[in-house]
Amino acid sequence: MNKATRKAIIAGNWKMNKTRPEAKALLEELKGMVADIKTVEIVACVPFTNLETALAATEGTNIKIGAENCHFEKSGAFTGEISADMLAEMGVEYVVLGHSERRQYFAETDETVNKRTKAALAAGLKPIVCVGELLWERECGITEEVIARQIKLDFFGIEAADLKKCVIAYEPVWAIGTGKTATADQAEEVCAFIRATLAKLYGADVAETITIQYGGSMNAANAAELVSKTNVDGGLIGGASLKAADFTTIIKAAEVG
Ligand code: 13P
Numbered sequence: 000m001n002k003a004t005r006k007a008i009i010a011g012n013w014k015m016n017k018t019r020p021e022a023k024a025l026l027e028e029l030k031g032m033v034a035d036i037k038t039v040e041i042v043a044c045v046p047f048t049n050l051e052t053a054l055a056a057t058e059g060t061n062i063k064i065g066a067e068n069c070h071f072e073k074s075g076a077f078t079g080e081i082s083a084d085m086l087a088e089m090g091v092e093y094v095v096l097g098h099s100e101r102r103q104y105f106a107e108t109d110e111t112v113n114k115r116t117k118a119a120l121a122a123g124l125k126p127i128v129c130v131g132e133l134l135w136e137r138e139c140g141i142t143e144e145v146i147a148r149q150i151k152l153d154f155f156g157i158e159a160a161d162l163k164k165c166v167i168a169y170e171p172v173w174a175i176g177t178g179k180t181a182t183a184d185q186a187e188e189v190c191a192f193i194r195a196t197l198a199k200l201y202g203a204d205v206a207e208t209i210t211i212q213y214g215g216s217m218n219a220a221n222a223a224e225l226v227s228k229t230n231v232d233g234g235l236i237g238g239a240s241l242k243a244a245d246f247t248t249i250i251k252a253a254e255v256g
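Take the sequence shown: its position 189, counted from the start at 1, is 188 in numbering that gives the first Met the number 0, and no numbers get skipped.
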């Protein structure tokens, strides 16, 4: 099995951007531009407040909608949180979990990422689980240790059948929002390592089926080279997903890639 048999997924992570009218305008523009794309799964992960607008704007199109987080409990006294069931009931398909900004600013740990991933799967959502090393960790030569630990902990207790519903995004923290992209070789090296780690845990056949994205300053200019790599099956795009033309260029690169 090889790259050709895995689903290429390009997902936008809008982060804390766009009001509802702005969200609608962006998606209306995007859907016309990507209408003929068939071989790449297109996802827009949007703020909670934009979900309903985004679902309505993309109904019947090839654009799937995702959230940017969910809580791990089904319901209860968790002020300000959103459950996986609440998202699934709306028709949301994907959810970003364990993003480095959640880990860095909101005390997210591998334990809570694991709990959120299980909750998302139980609700029928497809988790996009983010892993990645800090610059300091890369400089200390422990990138592989950090990634292996995140993969083992974030997917602890998750069966192969459920893992197959997950997407993994390799996002080196030093490349996010910095304009400092990992080179295509660096991205390939770590994405291949993630696949090898999954192979040890779940077997090579399962590992070969998992979509592994790269994320971190991916843009219209560098996407083609990144997604041409054997183990880079798509991208999780921040800033460049906020511009329909740039996001479309990245999607088209993955169609070729
Ligand atoms: P940028 O593409 O803005 O660097 O963000 C990447 C990211 O964090 C996607 O989740």
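All C-beta atoms, glycine included, are put in the ideal place defined by N, C-alpha and C.
**Simplified DSSP assignment, three categories, for S99** = For the purposes of this step, residue 99 is identified with residue 100 of the sequence shown, where counting begins at 1. It is helical.
**Asked** Leaving out five residues before and five after A191 in sequence, what residues of the same chain have Cβ atoms less than 6 Å from its Cβ?
**Response** Walking along the sequence shown from the start, residue 191 turns up at place 192. The residues are N230.
**Prompt:** Considering only residues of the same chain and omitting the five flanking positions on each side of H70, which have a CB-CB separation below 8 Å?
**Reply:** Position 71 of the sequence shown, counting from 1, holds the residue named residue 70. Correct list, in chain order: F77, E80, I81, S82, A83, R115, A118.
**Request:** Note the first and the last residue of the continuous beta strand (DSSP E) segment covering P126.
**Result:** Working through the sequence shown from its first residue, we reach residue 126 at position 127. Segment 125-130, the beta strand (DSSP E) holding P126.
**Item:** beta strand (DSSP E) segment containing E40, residue limits
**Value:** Position 41 of the sequence shown, counted from the start, is the residue given in the question as residue 40. Unbroken beta strand (DSSP E) run through E40: 39-44.
**Request:** Return the chain-ordered list of same chain residues with a C-beta closer than 6 Å to the C-beta of M0, the five sequence neighbours on each side being excluded.
**Result:** The count along the sequence shown starts at 1 and reaches residue 0 at position 1. Unreliable placement is indicated for M0, whose pLDDT of 41 sits below 50; the coordinate value is still reported in the next sentence. If we look at M0 and ignore the five residues flanking it on each side, its Cβ neighbours are E207.
**Asked** Count the other CB atoms within 10 Å of the CB of L162; is the residue buried (16 or more) or exposed (fewer)?
**Response** Locating residue 162 in the sequence shown gives position 163, counting from the first residue. With 16 or more Cβ atoms within 10 Å of its Cβ, L162 is classed as buried.
**Request:** Check whether the Cβ of L235 lies closer than 7 Å to any heavy atom of the ligand 13P, and answer yes or no.
**Result:** By one-based count along the sequence shown, residue 235 stands at place 236. Checking the Cβ of L235 against the ligand 13P gives yes.
**Proximity test, S82 beta-carbon vs the ligand 13P heavy atom, cut-off 7 Å** = Looking up residue 82 in the sequence shown gives position 83. Because no heavy atom of the ligand 13P lies under 7 Å away, the Cβ of S82 does not count as near it: no.
**Asked** Hey, how far is the Cα of E40 from the Cα of K6?
**Response** Along the sequence shown, read from residue 1 onward, the residue named residue 40 stands at position 41. Along the sequence shown, read from residue 1 onward, the residue named residue 6 stands at position 7. Distance between the alpha carbons of E40 and K6 is about 7 Å.
**Prompt:** Which one of S240, K17, N61 has the shortest CA to CA distance from D35?
**Reply:** Against the sequence shown, residue 35 aligns to sequence position 36. Comparing Cα-Cα distances from D35 to each of S240, K17, N61, the minimum goes to N61.
**Request:** Report the residue ranges of all beta strand (DSSP E) runs contained in full by the stretch 112-169; include only those spanning at least 3 residues, in chain order.
**Result:** 125-130, 166-169
**DSSP state of I36 mapped onto helix, strand, coil** = As a working note, residue 36 is residue 37 in the sequence shown. Note: I36 maps to coil in three-state DSSP.
**Request:** Note down, in chain order, each residue of its chain lying with its Cβ closer than 7 Å to the Cβ of F305, except the 5 sequence neighbours on either side.
**Result:** For the chain, the structure presents residues 0 to 256; residue 305 sits outside this window and is missing.
**Asked** Which two residues bound the contiguous beta strand (DSSP E) that contains A239?
**Response** For the purposes of this step, residue 239 is taken as the residue at position 240 of the sequence shown. Segment: none, A239 is in no beta strand (DSSP E) and carries neither H nor E.
**Item:** Helix, strand or coil at M0 according to DSSP, with G and I counted as helix
**Value:** Your numbering for residue 0 matches position 1 in the sequence shown. Because the pLDDT of M0 is 41, which lies under 50, any placement of that residue in the model is unreliable, and the question is left without a value.
**Message:** Does the distance between the C-beta of I175 and the nearest non-hydrogen atom of the ligand 13P fall short of 7 Å?
**Reply:** On the sequence shown, residue 175 is found 176 positions in, with the first residue counted as 1. Yes, since a heavy atom of the ligand 13P falls inside the 7 Å radius drawn around the Cβ of I175.
**Pick from K242, L225, A239 that is closest to E254, judged by C-alpha positions** = On the sequence shown, position 255 is the one that residue 254 refers to. When only C-alpha atoms are compared, the closest one is L225.
**Asked** Going by beta carbon distance, what residues of the same chain come within less than 6 Å of N221, once the five residues before and after it are set aside?
**Response** Counted from its first residue, the sequence shown places residue 221 at position 222. Counting only Cβ-Cβ distances below 6 Å, and skipping sequence neighbours, we find T180.
**Asked** Who does I211 pair with in a DSSP beta bridge?
**Response** Along the sequence shown, one-based indexing puts residue 211 at 212. Answer is I167.
**Asked** Skipping 5 residues on each side, what residues in its chain have a beta carbon closer than 8 Å to that of N12?
**Response** Counting from 1 along the sequence shown, the entry for residue 12 is found at position 13. Closer than 8 Å at Cβ, skipping near neighbours: C44, E67, V95, H98, G214, L235, I236, G237, S240.
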